[in-house]
Structures are given as structure tokens and as C-alpha cells.
Amino acid sequence: MESFAPQRKIPTMHRLLSSRALKFLPWIGNVGNVLESSWLIGRPISHASPLAAFLSPLQEASHFPLYPNHIPTSVLQKCLLTAGSAFMSLYNPYRHDMVAVLGETTGSIALKNLWEQMKNDPEGRQVLQERPRIRLSTLDVAGLRGLPDGTFGREYIRFLDDNRVSPDTRMPARFIDDEDLAYVIQRYREVHDLLHTLLGMPTNMLGECLLTASGTSWGGLHD
Numbered sequence: 213m214e215s216f217a218p219q220r221k222i223p224t225m226h227r228l229l230s231s232r233a234l235k236f237l238p239w240i241g242n243v244g245n246v247l248e249s250s251w252l253i254g255r256p257i258s259h260a261s262p263l264a265a266f267l268s269p270l271q272e273a274s275h276f277p278l279y280p281n282h283i284p285t286s287v288l289q290k291c292l293l294t295a296g297s298a299f300m301s302l303y304n305p306y307r308h309d310m311v312a313v314l315g316e317t318t319g320s321i322a323l324k325n326l327w328e329q330m331k332n333d334p335e336g337r338q339v340l341q342e343r344p345r346i347r348l349s350t351l352d353v354a355g356l357r358g359l360p361d362g363t364f365g366r367e368y369i370r371f372l373d374d375n376r377v378s379p380d381t382r383m384p385a386r387f388i389d390d391e392d393l394a395y396v397i398q399r400y401r402e403v404h405d406l407l408h409t410l411l412g413m414p415t416n417m418l419g420e421c422l423l424t425a426s427g428t429s430w431g432g433l434h435d
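Heads up: the sequence shown is residues 213 to 435, going by the working numbering.
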């Protein structure tokens, strides 16, 4: 008599997540906003507050923003951000905001290496000193669009037009507690589309993975 064993279904990400875990997805997906609205972050700490008794002057100073959009966070908060952004990045790889947060909370060593490489290079050192930004306000979009086909500037603008993106859509650095390193990751994000154009990589999952792999090989970042 022939017996039939039940077939095992390959679990999808939705099935791996319990219904209870799914209830926390909106909170995890907005974990940055939750921390940003915290009474502790970005606000002066009164010396009369209970928290002040546990903070050294250096620790107390670290709770003040160091640059625009900076959200000072404790080690515990960074761990929560890392866990939440990693979870959401796996659940939905197209959540670029969560990928950006994960890069900030886990990329300190890679950012320091990039900063060292830039500092030891004449052109990189000039970039660190002048801190130029790649924004629509700093680009001659009309001039680039008028360049001949096949030139880097024309193909860059074509890439932006075809994919309906702009350098202004890149997430600002928020959770890096160093102004110099915050600029490094901002620069890294703003040249992302330039690398797409230069390497001819599409914006689908395969293209992003290949671009990330190429960036990891020389920079160690995933953003």
C-alpha cells in the first residue's frame, strides 16, 4: 500500500513572522521617528534631572546635536536601531530608509577607513575640507541634459530621469556621532547614483546587490 507523506512547504518571510511580531512592524519601521520624538534626544539635560546624576560632562555633551539632522543616541538606543532596521531591511529590502539606518549604526569602522583613505589622498582631502554636496541646487541640470549622448553627465541625468530619482532623495545622516564621518556617509550616498551610471547597474535587487558588493570591496559599507 502506497503512503503519501505530507509535502513540506517552504516558509516565506511572512510565515516565519508570527502574527504577534507583525503587529510591531509599524513601530519598527518608524523606529527612527520614535527615537527622534523621545524627550531625551536632542534636548539639553537639566543638571537637576535624575539622568544628570549618571552622566559625566562628556556624556552629557554627547546628547546635543553635532550637525543638522543629528539625533544623539545612547549605546542601548543604537542597539535597538540596529535590530529594528536589520529586521525591516530583511522583511522589505526596498525600505531604503531602514538600510540607511543600518549602515549608520553598524558602519563606524568602515566610515573611519573611508575617512582615512580620503584624508591620505590629495583630492579626497580637498573634498573633506570643502565638503561639496551633490544636490539639484548645485548641479547644472540643463547643461548636463544638453551634453552629447554617451557622456557621463548626460547619462547621469538620463539615469535620474528614467528612475524618477534625484540626489535630493538621499537620506541625511542622523545617527552618526561624528560630524566628519557623517559627511563621509552623506557623500557616499550622494555618489551612489553616479556609481549606478558609471557601472551601468539597474536599480533592481540584483543591481543594488552588485553595487553594494563593489562598495563593500573598497569601502566596507552597505548603504
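For each residue, glycine too, the CB sits at the ideal point set by N, CA and C.
### Message
My parser needs the beta strand (DSSP E) runs of 3 or more residues fully inside the region 270 to 326; what are they?
### Response
none
### Query
Does the beta-carbon distance from Pro-308 to Ala-394 come in below 8 Å?
In the sequence as displayed, the identity of residue 308 is His instead of Pro. The answer is no: Cβ separation not under 8 Å.
### Query
Looking at C-beta atoms only, is the number of pairs between the region 355 to 372 and the region 289 to 308 that lie closer than 8 Å three or more?
no
### Query
Does the distance from the C-beta atom of Leu-348 to that of Pro-379 stay below 8 Å?
yes
### Query
By Cβ distance below 6 Å, which residues in the same chain neighbour Ala-298 in space, the five residues on each side in sequence not counted?
Leu-314
### Message
Quick check on DSSP: helix, strand or coil for Ala-167?
### Response
Residue coverage of the chain in this structure runs from 213 to 435, which leaves residue 167 outside it and unanswerable.
### Query
With 16 as the cutoff for other CB atoms within 10 Å, does Phe-371 come out buried or exposed?
buried
#### Entry: DSSP three-state assignment for Gly-358, whether helix, strand or coil
coil
### Task
Taking Thr-317 and Phe-364 to be in contact with their CB atoms under 8 Å, please state how far apart those CB atoms are, rounded to whole angstroms.
Contact flag wrong, Cβ pair sits at about 33 Å.
### Task
Use the C-beta contact count for Leu-247: other C-beta atoms within 10 angstroms, 16 or more gives buried, fewer gives exposed.
For Leu-247, the pLDDT reaches just 48, beneath the cut-off of 50, and the residue's location in the model is therefore unreliable, although a value from the coordinates is still provided. By the 10 Å Cβ count, Leu-247 comes out buried.
### Message
Rounded to whole angstroms, what is the Cα-Cα separation between Met-330 and His-408?
### Response
21 Å
### Query
Rounded C-beta distance between Leu-323 and Val-396? I'm assuming under 8 Å.
5 Å
### Message
Does Pro-344 come out as helix, strand or coil in the three-state DSSP assignment?
### Response
coil
#### Entry: Nearest-angstrom Cβ-Cβ length linking Arg-366 and Glu-402, presumed shorter than 8 Å
Not confirmed; about 19 Å, so no contact.
### Query
From this set, Asp-390, Arg-399, Asn-375, Thr-415, which residue's C-alpha is nearest Phe-276's C-alpha?
Asp-390
### Task
Rounded to whole angstroms, what's the CA-CA distance from Pro-414 to Leu-278? Just pull it up for me.
35 Å
### Task
Would you tell me roughly how many angstroms separate the C-alpha atoms of Val-311 and Glu-420, rounded to the nearest one?
12 Å
#### Entry: Whole-angstrom distance between Asp-405 and Tyr-368, CA atom to CA atom
8 Å
### Task
Label Leu-326 either buried or exposed according to how many other C-beta atoms from any shown protein chain fall within 10 Å of its C-beta, with 16 as the threshold for buried.
buried
### Message
Quick check: the Cα distance between Glu-342 and Arg-382, rounded to an integer number of angstroms?
### Response
20 Å
### Query
According to the Cβ coordinates, are Arg-399 and Val-339 closer than 8 Å?
yes
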